[in-house]
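Asker: Quick one: the structure is below, and I'll ask about it shortly.
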Amino acid sequence: MTAKSQAKAHQAATDCAVEYHIVPKDLAGHLYQVRLHIARPAPAGQVLTLPAWIPGSYMIREFARHIVQLHAHSAGKKVAVKKLDKHSWQAAPCDGALTLEYEVYAWDLSVRAAHLDQQHGFFNGTSVFLQVAGQEMAPHIVDIQRADDLACKTWRVATSLPELKAKRYGFGTYIAANYDELIDHPVEMGNFAMASFEAHGVPHDFVVTGNVPNLDLPRIVADVKKICETQIAFFEPKTRRAPMERYVFMTMAVGDGYGGLEHRASTALICNRADLPSKNQVEMSDGYRSFLGLCSHEYFHTWNVKRIKPAAFAHYDLRQENYTSLLWLFEGFTSYYDDLMLVRSGLIDEASYFKLISKTVNMVTRGSGRKKQSVAESSFDAWTKYYRQDENSPNAIVSYYTKGSLVGLGLDLSIRAATAGKKSLDDVMRTLWQKFGRDFYEKNLSGTQQGLAENAIEAIIEQATGIQAKRFLDRYVRGNEDLPLAKLYEDFGVVFNDAARSGKALKASLGVRTAKDGNDCKLANVHEGRAAHRAGLSAGDILIAVNGLRVTAADAADGLSNALSRYAVGETVQLHAFRRDELLVVQAKLQADDMPALSLDLLENSKAALLTLRPSYQKSVKKIIL
10 MTAKSQAKAH QAATDCAVEY HIVPKDLAGH LYQVRLHIAR PAPAGQVLTL
60 PAWIPGSYMI REFARHIVQL HAHSAGKKVA VKKLDKHSWQ AAPCDGALTL
110 EYEVYAWDLS VRAAHLDQQH GFFNGTSVFL QVAGQEMAPH IVDIQRADDL
160 ACKTWRVATS LPELKAKRYG FGTYIAANYD ELIDHPVEMG NFAMASFEAH
210 GVPHDFVVTG NVPNLDLPRI VADVKKICET QIAFFEPKTR RAPMERYVFM
260 TMAVGDGYGG LEHRASTALI CNRADLPSKN QVEMSDGYRS FLGLCSHEYF
310 HTWNVKRIKP AAFAHYDLRQ ENYTSLLWLF EGFTSYYDDL MLVRSGLIDE
360 ASYFKLISKT VNMVTRGSGR KKQSVAESSF DAWTKYYRQD ENSPNAIVSY
410 YTKGSLVGLG LDLSIRAATA GKKSLDDVMR TLWQKFGRDF YEKNLSGTQQ
460 GLAENAIEAI IEQATGIQAK RFLDRYVRGN EDLPLAKLYE DFGVVFNDAA
510 RSGKALKASL GVRTAKDGND CKLANVHEGR AAHRAGLSAG DILIAVNGLR
560 VTAADAADGL SNALSRYAVG ETVQLHAFRR DELLVVQAKL QADDMPALSL
610 DLLENSKAAL LTLRPSYQKS VKKIIL
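So for the sequence shown, my numbering puts the first residue at 10; every next one is plus one.
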């Protein structure tokens with residue numbers, strides 16, 4: 010259904026719709042004012058709730074704590090409102106329509122919540138729109154109003170919400186079919202830069218907020234278009250049909266930041282402005298490559314998470330945690346494909362791709378937590394462990410993003426090797442899409458979406474490829490064994506190299522991750538069993554000297570490489586450090602860098618093209634498969 014036909018279909022039910030009016034009230038005070046009009050409130054007293062978390066970010070955030078000055082009235086008379094719990098209210102019974110007015114404090118510069126100042130406004134519906142109990146499936150109308158402040162005079166609106174009476178990019182009324190749809194379309198307001206493109210016939214907008222001198226937006230749009238078209242063709246190789254009618258990339262460029270959050274027809278991104286290309290920049294920087302990987306990751310979620318879902322997410326309960334052990338698949342496999350799509354779209358070459366794989370392997374093998382927690386357990390514990398990391402996290406947990414991506418890689422290699430290239434993880438993803446995504450949205454819109462059951466992936470893999478994956482999943486997903494990637498890669502002419510095998514001198518290391526603390530070098534993480542740990546140092550200690558020479562924030566920035574460059578593995582050094590205000594003097598025996606200098610190399614006549622499937626390799630790939 011198009012936005013216009015949807016609006017017409019809902020027009021007859023306008024008198025039953027839930028209506029919101031939102032306006033930036035105080036830019037300097039970071040306050041939105043929201044007015045909620047309920048035409049037919051519950052006779053016994055209307056209950057209202059604000060979500061405690063936002064889908065895609067698995068942590069209870071208690072957005073209701075930012076609501077201030079909530080009042081209600083009906084027919085000109087004040088209506089009493091009672092607080093039920095930390096995120097729920099109940100208005101007293103009233104005759105006729107009920108209106109609530111409240112303010113939301115918006116000073117969270119992230120992709121998860123709401124932010125407002127003189128430069129821009131941004132909000133997710135989960136932070137600003139109270140849910141009307143019992144009317145979640147009614148049409149929801151939003152009037153996004155321009156503030157009176159002169160700073161907002163030239164502001165525009167970017168959102169994937171269907172317009173009702175508003176013009177595209179303008180203030181006015183927008184409509185959602187229900188509350189779930191309402192909160193899945195974030196809104197950006199401001200004087201943003203914007204460019205548009207089509208990917209297989211679907212219009213896409215790319216919006217950049219923030220001061221980025223000489224921004225090369227045409228280059229970004231051209232590159233992102235390749236990613237989008239490659240992914241659409243990946244899931245629908247015959248029809249090239251995308252699952253949305255329009256898509257919006259919303260990017261906030263800041264001095265230091267990185268992250269993204271997926272939505273059904275848009276994504277909110279935050280990045281370092283230095284990562285975005287300038288008009289005079291020719292080469293692809295590491296930062297820009299990472300940014301394209303972020304765009305690729307969030308766009309892949311349009312299928313994997315937003316439509317293909319674990320059963321636990323088929324119907325979100327936004328009041329409490331929704332547990333699943335499958336985030337290694339939904340986030341991990343998305344992380345596997347995000348960089349792979351950069352190769353397949355022709356944006357990076359195989360050499361660059363394998364450097365990214367090497368980086369991921371190194372990140373996973375650095376932490377001893379991978380030996381204590383499986384990615385299935387990491388998925389289930391995301392609410393309390395992954396999203397609430399502390400200084401000991403590398404020693405206690407494993408990332409379902411990074412190791413999950415290696416699970417995807419290992420499974421892909423295993424399937425390709427076992428089937429002589431006839432099947433791959435691609436077939437698994439397309440089967441998931443057909444079974445839990447496309448077929449549901451095309452045939453079962455009036456039914457109940459079930460989602461992928463916790464133990465159903467084995468059957469899906471066998472259905473898609475003919476391969477039984479139980480042993481693989483027991484060892485590397487439910488268990489905590491390291492994936493045998495070196496062995497798996499051998500069949501494709503890709504070899505692992507490390508410093509020991511290459512004959513290079515091993516770097517001396519304390520086994521820590523450092524961070525700047527003013528002008529000091531702070532030990533952010535101390536890895537279990539490594540030199541600093543054995544010497545008695547802890548995370549949070551301030552390292553001030555190595556063998557009598559001062560250590561500063563500059564050494565923290567380079568990870569102590571300069572401070573330790575004159576020492577060899579096995580040497581003992583004296584360390585001075587402060588713990589709180591007490592001086593520590595310890596002896597540490599330096600070890601080999603716990604970040605193995607791993608790289609991947611291609612042998613002559615390798616079959617690596619079979620893995621990456623770049624367009625220029627299609628002909629040779631076909632020969633390999635046959």
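Beta carbons: idealized from backbone N, C-alpha and C, even for Gly.
When we look at the beta-carbon of His19 and count the other beta-carbons within 10 Å, is it buried (16 or more) or exposed?
Answerer: Interpretation of His19 is limited by its pLDDT of 49, a score under 50 that renders its predicted location unreliable; the figure taken from the coordinates is listed afterwards. With 16 or more Cβ atoms within 10 Å of its Cβ, His19 is classed as buried.
Asker: Just confirm the distance between the C-beta atoms of Ala147 and Thr108, as a whole number of angstroms; I'd bet it's less than 8 angstroms.
Answerer: Actually they do not touch by this definition, with Cβ atoms about 16 angstroms apart.
Asker: Among Phe505, Ile469, Leu356, Gly538, which residue has its Cα nearest to the Cα of Leu301?
Answerer: With distances taken between Cα atoms, Leu301 lies closest to Leu356.
Asker: Just confirm the distance between the C-beta atoms of Val257 and Val137, as a whole number of angstroms; I'd bet it's less than 8 angstroms.
Answerer: Their Cβ separation, rounded to whole angstroms, is 18 angstroms, which puts Val257 and Val137 out of contact at 8 angstroms.
Asker: Please classify Lys431: is it buried, with 16 or more other beta-carbons within 10 angstroms of its beta-carbon, or exposed?
Answerer: Lys431 should be labelled exposed.
Asker: Measuring only the C-alpha atoms, how far is Glu28 from Asp152?
Answerer: Between Glu28 and Asp152, the C-alpha separation is close to 8 angstroms.
Asker: Considering just the uninterrupted stretch of the alpha helix (DSSP H) at Ser7, what are its terminal residues?
Answerer: There is simply no residue 7 to check, as the chain begins at 10 and stops at 635 in what is shown.
Asker: Would DSSP call Asp189 helix, strand or coil?
Answerer: Asp189: helix per DSSP, three-state reduction.
Asker: From this set, Gln600, Gly557, Thr561, which residue's C-alpha is nearest Val578's C-alpha?
Answerer: Of the listed residues, the one whose Cα sits closest to Val578 is Gln600.
Asker: Can you name the residues that DSSP bridges to Ile466?
Answerer: Paired residue(s): none; Ile466 is not in a bridge.
Asker: Identify whether Asn571 lies in helix, strand or coil by the three-state DSSP scheme.
Answerer: Of the three classes helix, strand and coil, the one that applies to Asn571 here is helix, per DSSP.
Asker: Does the region 528–546 come within contact of the region 483–500, defined as at least 3 CB pairs closer than 8 angstroms?
Answerer: Not touching, per the Cβ criterion.
Asker: Is Gln42 helix, strand or coil when you go by DSSP?
Answerer: Correct three-state label for Gln42: strand.
Asker: Could you check whether Leu335 and Glu471 sit closer than 9 angstroms to each other, using their CB atoms as the reference points?
Answerer: Their beta carbons are not under 9 angstroms apart, which means Glu471 does not touch Leu335 by this criterion.
Asker: Tell me Leu415's beta-bridge partners as DSSP assigns them.
Answerer: Answer by DSSP bridge pairing: none, since Leu415 is not bridged.
Asker: To the nearest angstrom, how far is it from the Cα of Ile633 to the Cα of His310?
Answerer: Because the pLDDT at Ile633 is just 31, under 50, the model does not fix this residue reliably, and the point stays unresolved.
Asker: Could you say if the region 376–388 and the region 30–48 meet the contact criterion of at least three C-beta pairs nearer than 8 angstroms?
Answerer: The region 376–388, when compared against the region 30–48, does not touch it at the 8 angstroms Cβ threshold.
Asker: I need the boundaries of the alpha helix (DSSP H) containing Arg353, first residue and last residue.
Answerer: Looking at the DSSP string, the run of the alpha helix (DSSP H) that includes Arg353 is 342–353.
Asker: Output the distance between the C-alpha atoms of Ile469 and Phe244, rounded to the nearest integer angstrom.
Answerer: Taking the straight line joining both Cα atoms gives about 16 angstroms.
Asker: Please name the residue, chosen from Trp116, Gln477, Ala61, that lies closest to Leu36 on a Cα-to-Cα basis.
Answerer: Comparing Cα positions, the closest option is Trp116.
Asker: Can you check the region 307–388 for any alpha helix (DSSP H) of at least 4 residues that lies completely inside it and give the ranges in chain order?
Answerer: The qualifying runs are 342–353, 359–375.
Asker: Can you say whether Asn220 is buried or exposed, counting buried as having 16 or more other CB atoms within 10 angstroms of its CB?
Answerer: Looking at its Cβ environment, which holds fewer than 16 other Cβ atoms inside 10 Å, Asn220 is exposed.
Asker: Going by beta carbon distance, what residues of the same chain come within less than 7 angstroms of Asp193, once the five residues before and after it are set aside?
Answerer: So the qualifying residues of the chain are His272, Arg273.
Asker: Could you check what DSSP says for Thr168 in three-state terms: helix, strand or coil?
Answerer: Residue state, collapsed to three classes: strand.
Asker: Between Val141 and Leu57, is the Cβ-Cβ spacing less than 9 angstroms?
Answerer: Yes.
Asker: Assign Gly130 to one of three DSSP states: helix, strand, or coil.
Answerer: Strand, per DSSP.
Asker: Kindly indicate which residue of Asp225, His213, Pro222, Asn223 has the alpha-carbon position closest to the one of Ile236.
Answerer: When each option's Cα is compared against that of Ile236, the closest is His213.
Asker: Distance, Cα to Cα, Met5 vs Trp62?
Answerer: The chain is shown from 10 up to 635; residue 5 falls before or after that span and cannot be answered.
Asker: Is the distance from the Cβ of Leu285 to the Cβ of Met261 below 9 angstroms?
Answerer: Contact flag unset, no.
Asker: Terminal residues of the continuous alpha helix (DSSP H) containing Val578?
Answerer: Segment: none, Val578 is in no alpha helix (DSSP H) and carries neither H nor E.
Asker: Can you tell which of Thr428, Leu420, Val230, Gly266 has its C-alpha closest to the C-alpha of Arg484?
Answerer: It is Leu420.
Asker: Could you tell me the boundaries of the alpha helix (DSSP H) in which Glu499 lies?
Answerer: Counting along the chain, the alpha helix (DSSP H) containing Glu499 begins and ends at 494–499.
Asker: How would you label Leu434, buried or exposed, when you count the other beta carbons within 10 angstroms and need 16 or more for buried?
Answerer: Leu434 is buried by the Cβ-count criterion.
Asker: Return helix, strand or coil for Tyr485, following the three-state DSSP convention.
Answerer: DSSP places Tyr485 in helix when its eight states are reduced to three.
Asker: Is the beta carbon of Lys91 sitting closer than 9 angstroms to the one on Ala106?
Answerer: Their beta carbons are not under 9 angstroms apart, which means Lys91 does not touch Ala106 by this criterion.
Asker: What residues match up with Met198 in a beta bridge as DSSP calls it?
Answerer: Bridge partners of Met198: Gly130, Val166.
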